[in-house]
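This report concerns only the one structure given below.
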Amino acid sequence: MTPVIEADGLVKRYGRFTAVDGIDLTIGKGEVFGLLGPNGSGKTTTILLLLGLTEPSAGSIRVLGLDPLRQPLQVKRRVGYLPDQIGFYDHLTARENLAYTARLTGLASAEAGRRIGEALGRVRLADVGDKRVGAFSRGMRQRLGLAEVLVKQAEIAILDEPTSGLDPQSTQELLEQIRELAAEGVTIVLSSHLLSMMQTICDRVALFKRGGIGLIGNVAELTTGVLGGTHVVEVEANGVDLPCVLKGLPHISAVSIIRPNHWRVDASDDVRAEIARKVVNAGGALQSMTIRQSSLDDVYVHFFEGENHDVAA
Amino acid sequence: MTSRREGSPFQGLATVALKEAADHMNSARIHLVMLLVILTAIGSVYAAIGQIKMTVSEDEFLFLRLFTTAQQPLPSFVSFLGFLIPLVAIALGFDAINGEYSRRTLSRILSQPIYRDALLTGKFLGGLLVIAICLLALWLLVTGLGILLLGLPPSGEEIARGLAFLFASFVYAGVWLAVAMAFSTVVKSPATSALCALTLWLVFTVFWPMLAPLIAGALAPVDPLNPMTAVHQINLQQAIARVSPNVLYGEATLALLNPATRSLGLLFASQMNGAIMGAPLPLSQSIALVWPQVAGMIAALLVLFTIAYVAFQRQEIRA
């Protein structure tokens with residue numbers, strides 16, 4: 612996998628506050644990479660560093676083999692950015708807004724017109740392309756932002772909280788369009804709090820914690836790393852000292868109480884048969900047992916347990 | 034590896050400037066302010082023509098009187114411009130940068146292949162372009178009204194003086210545009226930056242002429258036994274008053290539109306030896322006379338723009 616984004620010991624300080632603290636990161640071509648973490652954990656600052664919109668205090672970054680600090684124009688020509696709560700000029704139409712950024716990108720008028728028409732069609736805004744953006748809903752604005760990335764024909768799309776504040780239908784539509792982009796081989800860097808979306812769409816995820824990357828990998832690697840297993844079994848049973856009994860079983864990494872007589876068991880395999888046998892052998896009465904794959908939600912909750920989720924930036 | 038950034042800092046400058054100019058030209062805010070300016074200009078020029086017809090039998094610079102003649106209660110066209118140009122410039126620039134923050138468009142625009150230099154300078158040039166178009170249209174309107182109602186064409190020197198006056202007005206507007214843009218960069222809220230710029234305008238328009246003599250009196254009191262202390266106080270008062278761009282503009286227009294003006298400072302009788310009272314100065318002499326005022330305004334413009342530039346370059350882009 613050819614690396615398109617490489618960060619080495621990246622640090623960003625604002626006065627005494629360290630927003631990004633020694634990040635090492637490599638993202639490959641065509642990869643869908645998720646940035647996950649509480650507010651203020653350094654995700655947006657990392658994105659701004661990748662775009663050359665802010666200078667690192669230490670470390671180095673290469674984007675498409677270029678230095679965003681010294682060659683920002685080349686980087687920005689090849690990287691599309693959809694910021695959190697994207698803003699457009701409300702008095703201009705969707706087409707005019709796109710035409711303005713296309714001119715800034717240096718596209719010739721005819722080529723820009725062609726790409727804008729295509730992009731508006733792809734994000735299903737063709738019929739409102741000549742309407743003022745002031746009348747657009749948040750979902751339409753986000754799709755228009757995606758259209759801007761399409762017009763640029765970006766090799767990397769950086770999407771910062773693209774689904775924040777969207778209704779479920781708009782979220783699904785946007786997600787579909789992000790999937791299409793990924794299928795075309797565009798490298799996508801995605802920051803979001805929508806964990807289920809991140810789980811389904813991302814090849815790998817980095818968990819940001821206090822400015823650094825706490826963990827990095829695909830969902831299976833993260834669940835193994837954080838939870839010690841990829842399966843979650845919820846057990847409801849009566850019996851004496853059942854958590855201690857269950858902890859002794861192979862493949863089980865953790866047993867935690869959900870409510871009285873109701874436990875959550877994290878395991879690296881399907882251990883329902885062993886649990887049933889052990890509960891019965893210990894003189895307990897098994898009432899119910901369900902199993903599911905560990906999700907990014909489980910990883911997130913476990914990893915950021917006790918963290919302040921709104922760290923001051 | 035070189036530490037220089039690649040490419041021109043002004044890539045995209047023309048695109049930004051033309052978009053800004055088009056936005057201003059189509060904005061209701063500027064339409065309203067310009068309507069106010071045009072109505073007051075027509076009113077003051079119409080009144081001036083009536084006054085000229087009643088009181089002037091012959092004048093070498095009849096056309097220039099259009100700009101400077103007042104008929105109570107209306108002030109002259111030049112006085113109106115001195116008062117209203119800052120309003121137009123502030124209306125154009127008060128939300129140039131903080132408006133991009135509040136609309137959340139800044140990070141999206143700066144993620145395009147342009148530098149901040151191009152965005153700020155483009156916005157400034159876009160505003161200047163609109164001001165230039167408005168002033169030229171206003172000047173042509175006044176001149177056209179003069180030709181229609183006086184029945185006389187302007188002379189070559191009157192046109193040249195008119196153009197020099199237009200340039201001075203343009204620079205004066207540039208100073209206030211730079212003031213508005215500096216506030217829009219330093220102050221986060223557009224409403225607050227508009228208030229700051231308007232406060233400064235009010236201070237220089239209304240209070241500064243009152244404050245300058247008070248400050249000069251406090252700094253250099255007059256000794257009744259030493260007449261030179263009075264001269265010193267007047268010079269100091271004039272220097273303090275000239276901190277205000279309104280004063281510089283007033284002096285510049287006075288000398289350009291009234292060719293008989295021989296000095297903008299204190300003039301002793303001994304210095305008038307040999308001078309023919311009321312005789313006009315040649316245009317080149319009038320320009321030499323006002324050049325310090327115009328240069329002062331250009332310097333103020335550059336300093337204010339530099340403040341905006343440095344502040345904008347140091348800002349974090351998170352919107």
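So the sequence lines, in the order shown, correspond to chains A and B. Going by my numbering, the first residue of the first sequence is number 612, and it counts up by one from there. Going by my numbering, the first residue of the second sequence is number 34, and it counts up by one from there. Here a beta-carbon is modelled for each residue, glycine too, at the ideal position from N, C-alpha and C. Keep in mind the model is a prediction, meaning the values are calculated, not measured.
Query                                                                                                                           : Result
Integer-rounded CB distance, given that B/Leu125 should sit under 8 Å from B/Leu69                                              : Not quite, the Cβ-Cβ distance comes to about 14 Å (not below 8 Å), so this is no contact.
Three-state class that DSSP yields for B/Val204 in the structure shown                                                          : helix
Neighbour-count burial assignment, B/Ile166, 16 or more Cβ in a 10 Å radius                                                     : exposed
Pairwise C-alpha distance: B/Ala61 and A/Glu759                                                                                 : 28 Å
Cutoff 8 Å: B/Glu39 Cβ touching any chain A Cβ                                                                                  : yes
Validate contact between the segment 289-299 of chain B and the segment 315-330 of chain B using beta carbons, cut 8 Å, 3 pairs : yes
Own chain residues within Cβ distance below 8 Å of B/Ala274, not counting five before or after                                  : Trp241, Pro242, Ala245 and Val280
Proximity test, Cβ basis, 8 Å: B/Leu183 and chain A                                                                             : no
Residue from B/Arg194, B/Gly250, B/Ala293 and B/Met330 with nearest C-alpha to B/Ser277                                         : B/Met330
Helix, strand or coil at B/Ala211 according to DSSP, with G and I counted as helix                                              : helix
Rounded separation between A/Gly648 and A/Leu621 - CA only                                                                      : 17 Å
Partner residues on chain B for A/Thr629, Cβ-Cβ distance less than 7 Å                                                          : Those within 7 Å of A/Thr629 in chain B number zero; the least Cβ separation is about 14 Å.
Which of helix, strand or coil DSSP assigns to B/Thr35                                                                          : At B/Thr35 the pLDDT is 47, less than 50, meaning the model places this residue with poor confidence; the figure from the coordinates comes in the next sentence. The answer is coil: DSSP assigns B/Thr35 none of H, G, I, E or B.
Chain-ordered chain A contacts of B/Glu53 [CB-CB under 8 Å]                                                                     : Neighbours of B/Glu53 on chain A: none; closest Cβ ~11 Å, over 8 Å.
According to DSSP, residues forming a beta bridge with A/Pro614                                                                 : A/Gly639
8 Å Cβ cutoff, A/Thr712 in contact with chain B                                                                                 : yes
Chain B contact residues for A/Gly698, given Cβ-Cβ distances below 7 Å                                                          : Arg136, Arg137, Thr138 and Arg141
Where B/Ile248 falls: helix, strand or coil (DSSP)                                                                              : helix
Given A/Gly895 as reference, the closest of A/Thr901, A/His862, A/Leu857 and A/Pro861 once Cα atoms are compared                : A/Leu857
For B/Leu316, the nearest candidate out of B/Val327, B/Ala341, B/Ala213 and B/Ile192 (CA to CA)                                 : B/Ile192
Alpha carbon of B/Arg37 to alpha carbon of A/Thr665, nearest angstrom                                                           : 16 Å
Whole alpha helix (DSSP H) elements within the segment 148-188 of chain B, 4-residue minimum                                    : 149-183
Buried versus exposed call for B/Thr154 [16 or more other C-beta atoms within 10 Å across all chains shown]                     : buried
Beta carbon of A/Met900 nearer than 8 Å to that of A/Val843                                                                     : no
Near-chain A residues of the segment 217-236 of chain B (beta-carbon distance less than 7 Å), N- to C-terminal order            : none
Cβ pair A/Arg754, A/Leu736 closer than 8 Å                                                                                      : yes
8 Å contact criterion, which B/Leu127 and B/Leu168 should meet: CB distance rounded                                             : The amino acid at residue 127 of chain B is misidentified as Leu; the sequence shows Phe. No, B/Phe127 and B/Leu168 are not in contact; Cβ-Cβ is about 19 Å, not under 8 Å.
Rounded Cβ spacing between B/Pro146 and B/Gln44 (contact assumed at less than 8 Å)                                              : 7 Å
Member of A/Val910, A/Lys763, A/Leu659 and A/Ile769 whose CA lies at the smallest distance from the CA of A/Gly828              : A/Val910
Cutoff 8 Å: B/Thr48 Cβ touching any chain A Cβ                                                                                  : yes
Cβ pair count under 8 Å reaching 3, the segment 793-811 of chain A against the segment 870-887 of chain A                       : no
6 Å CB neighbourhood of B/Thr48 in its chain, flanking five on each side removed                                                : none
Endpoints, beta strand (DSSP E) assigned at B/Gln145                                                                            : Neither: B/Gln145 is in no beta strand (DSSP E) and is coded neither H nor E.
Identity of the residue in A/Lys820, A/Ala893, A/Ser864 and A/Thr834 nearest A/Ala848 by Cα                                     : A/Ala893
Any chain A beta carbon closer than 8 Å to B/Gln145                                                                             : yes
Straight-line Cα distance separating A/Ile769 from A/Gly645                                                                     : 10 Å
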